[in-house]
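Printed below as a string of structure tokens:
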């Protein structure tokens, strides 16, 4: 009973903290225990190390295409965030889109907008719109702060154990130890902590909306994921699909989310013909 009263306040605090953030567009509440600055510092170190060693693609045309599509989506997202008073959520981001020379079917995103695409996925994307599906998905992970959320979940779990150790053993250094452990975990794995299936499905949904905002038809997403499924034989592919939902579940959910994404697609095309000084958040409300 004594231990119950020790743990109850801790878990109550964690429960309150679980609603300290909200994902743009979806509105899902999330626990963000780690500051953006801490996450960005850790991830930038890992990103810089990766970029130094990864062979950059020598394909100038596809490198330019990755940067073009990525920038189009990032610009659209920034415009949406600004129109809806949420620009502060991504004000510290510095978007960067790189294509690396590798046959691996993969792509990943670091917090703060550092996105890497592998050449091996290009035959599956096939064209600019297919690439927009991939980059929309990765931009979604960044905007939704999924890496921060995963690190926070890890920290909450370890902090709970440390707090119990302090209460029972009186070890004043326990909290410092667990903090070092958490940041050590972050430094070792960076943002590559596997995303949950809930986060992946959320990135799929946001990815559809973000590519639609940028003028790319989200209806093409289904054919891309079908090609991904055929390429992998139904099996997960590298980090890009680790802990991902099954192909069947993913495609089913994409079909369900398409009507909403199409509203943004139509609104985005409408905005292109609207004078910039007349653009308001009302054009993004349905």
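Residue numbers (the UniProt record's numbering): 1 to 286.
Idealized CB from N, CA, C, for every residue including glycine.
The structure displayed is predicted, hence computed values, not measured ones.
Under 8 Å between C-beta atoms of residue 109 and residue 128: Position 109 of the chain shown holds residue 109. Position 128 of the chain shown holds residue 128. Not closer than 8 Å, so no.
Length of the line joining the Cα atoms of residue 256 and residue 229: Residue 256 sits at position 256 when you count from the first residue of the chain shown. Residue 229 sits at position 229 when you count from the first residue of the chain shown. The straight-line gap from Cα to Cα measures roughly 18 Å.
Every unbroken alpha helix (DSSP H) inside the region 24-105 [4 residues or more]: Listed in chain order, the complete alpha helix (DSSP H) runs (minimum 4 residues) inside the region 24-105 are 36-53 and 60-83.
C-alpha gap between residue 37 and residue 47, whole angstroms: On the chain shown, position 37 is the one that residue 37 refers to. On the chain shown, position 47 is the one that residue 47 refers to. Residue 37 and residue 47: Cα-Cα distance of roughly 15 Å.
Exposed unless 16 or more other CB atoms sit within 10 angstroms - verdict on residue 45: Walking along the chain shown from the start, residue 45 turns up at place 45. Taking a 10 Å sphere around the C-beta of residue 45, we find fewer than 16 other C-beta atoms and assign the residue as exposed.
Where residue 223 sits in the DSSP three-state scheme: Walking along the chain shown from the start, residue 223 turns up at place 223. When DSSP states are grouped into helix, strand and coil, residue 223 belongs to the helix group.
Segment contact, 8 Å Cβ cut-off, at least three pairs: the region 136-150 with the region 203-215: At 8 Å Cβ cutoff, the stretches touch.
Nearest candidate by alpha-carbon position, reference residue 216, set 135, 57, 28 and 149: Counting from one through the chain shown, the residue named residue 216 turns up at place 216. Cα-wise, what sits closest to residue 216 is 135.
Between the CA atoms of residue 39 and residue 249 - distance to the nearest angstrom: Sequence index remark: in the chain shown, residue 249 carries index 249 (1-based). Sequence index remark: in the chain shown, residue 39 carries index 39 (1-based). Approximately 31 Å between the Cα atoms of the pair.
Element boundaries [alpha helix (DSSP H), containing residue 142]: Residue mapping note: residue 142 aligns to position 142 of the chain shown, counting from 1. Counting along the chain, the unbroken alpha helix (DSSP H) around residue 142 starts and ends at 128-143.
Classification of residue 157 by the beta-carbon crowding that lies within 10 angstroms, buried from 16 upward: As a first step, residue 157 must be located in the chain shown, where it is residue number 157. Residue environment for residue 157: exposed (fewer than 16 other C-beta atoms within 10 angstroms of its C-beta).
Where residue 101 falls, given that 16 or more other Cβ within 10 Å makes a residue buried: As a first step, residue 101 is located in the chain shown; it is residue number 101 there, counting from the start. Classification for residue 101: exposed.
Separation of residue 30 from residue 154, as counted between CA atoms: Position 154 of the chain shown, counted from the first residue, corresponds to residue 154. Position 30 of the chain shown, counted from the first residue, corresponds to residue 30. Annotation: residue 154 to residue 30 spans about 13 Å, alpha carbon to alpha carbon.
Rounded straight-line distance, which links the Cα of residue 26 to that of residue 72: As a working mapping, residue 72 is identified with position 72 in the chain shown. As a working mapping, residue 26 is identified with position 26 in the chain shown. Rounded to the nearest whole angstrom, the CA to CA distance from residue 72 to residue 26 is 21 Å.
Backbone secondary structure at residue 22 - three-state DSSP: Locating residue 22 in the chain shown gives position 22, where the first residue counts as 1. For residue 22, the three-state secondary structure derived from DSSP is strand.
Nearest-angstrom Cα separation, counted from residue 43 out to residue 262: By one-based count along the chain shown, residue 262 stands at place 262. By one-based count along the chain shown, residue 43 stands at place 43. Distance between the alpha carbons of residue 262 and residue 43 is about 33 Å.
Reduced DSSP category for residue 265 - H, G, I as helix; E, B as strand; rest coil: To locate residue 265, count along the chain shown from 1; it is residue 265. Of the three classes helix, strand and coil, the one that applies to residue 265 here is helix, per DSSP.
Whole-number beta carbon distance between residue 69 and residue 131, since they are thought to touch under 8 Å: For the purposes of this step, residue 131 is taken as the residue at position 131 of the chain shown. For the purposes of this step, residue 69 is taken as the residue at position 69 of the chain shown. Confirmed, about 5 Å.
Residue(s) in a DSSP beta bridge with residue 115: Taking the first residue of the chain shown as 1, we reach residue 115 at position 115. DSSP output for residue 115 lists 97 and 109 as bridge partner(s).
Distance, residue 54 Cα to residue 91 Cα: Within the chain shown, residue 91 is the residue found at index 91, counting from 1. Within the chain shown, residue 54 is the residue found at index 54, counting from 1. Spanning the two alpha carbons is a distance of roughly 28 Å.
Residues of its chain near residue 115, where Cβ-Cβ distance is below 8 Å and the 5 sequence neighbours each way are ignored: The sequence position of residue 115 within the chain shown is 115, counting from 1. 70, 95, 96, 97, 98, 107, 108, 109, 135, 138, 139 and 142.
Through-space distance from residue 199 to residue 169, alpha-carbon basis: Within the chain shown, residue 169 is the residue found at index 169, counting from 1. Within the chain shown, residue 199 is the residue found at index 199, counting from 1. In this predicted model, residue 169 has a pLDDT of only 47, less than 50, meaning its place in the structure is not dependable enough to derive any value.
Terminal residues of the alpha helix (DSSP H) in which residue 368 lies: The chain is shown from 1 up to 286; residue 368 falls before or after that span and cannot be answered.
Any non-hydrogen atom of the ligand NAP closer than 7 Å to residue 88 Cβ: By its list of ligands, the structure shown contains no ligand whatsoever, and the ligand NAP lies outside what it can speak to.
Cβ shell of residue 268 (< 8 Å), same chain only, five flanking positions each side left out: In the chain shown, the residue the question calls residue 268 occupies position 268. Here the set comprises 76, 212, 213, 214 and 215.
Distance between residue 227 and residue 324 (C-alpha atoms, nearest Å): For residue 324 there is no data in the structure shown, the boundaries of the chain being 1 and 286.
Residue of 57, 258 and 232 minimising C-alpha distance to residue 210: Here residue 210 refers to the residue found at position 210 when the chain shown is read from its first residue. Of all alpha-carbon atoms in 57, 258 and 232, the one lying nearest the alpha-carbon of residue 210 is that of 258.
Collapsed DSSP secondary structure at residue 245 in the structure displayed: Taking the chain shown and counting its residues from 1, the one referred to as residue 245 is at position 245. In the structure shown, residue 245 sits in coil (DSSP, three-state: anything other than H, G, I, E or B).
Residue 222 versus residue 41 - alpha carbon distance: Translated into the one-based positions of the chain shown, residue 222 becomes position 222. Translated into the one-based positions of the chain shown, residue 41 becomes position 41. Rounded to the nearest angstrom, the gap between the Cα atoms of residue 222 and residue 41 is 36 Å.
Element boundaries [alpha helix (DSSP H), containing residue 123]: In the chain shown, residue 123 corresponds to position 123, counting from 1. In the DSSP assignment, residue 123 falls within the unbroken alpha helix (DSSP H) covering 122-125.
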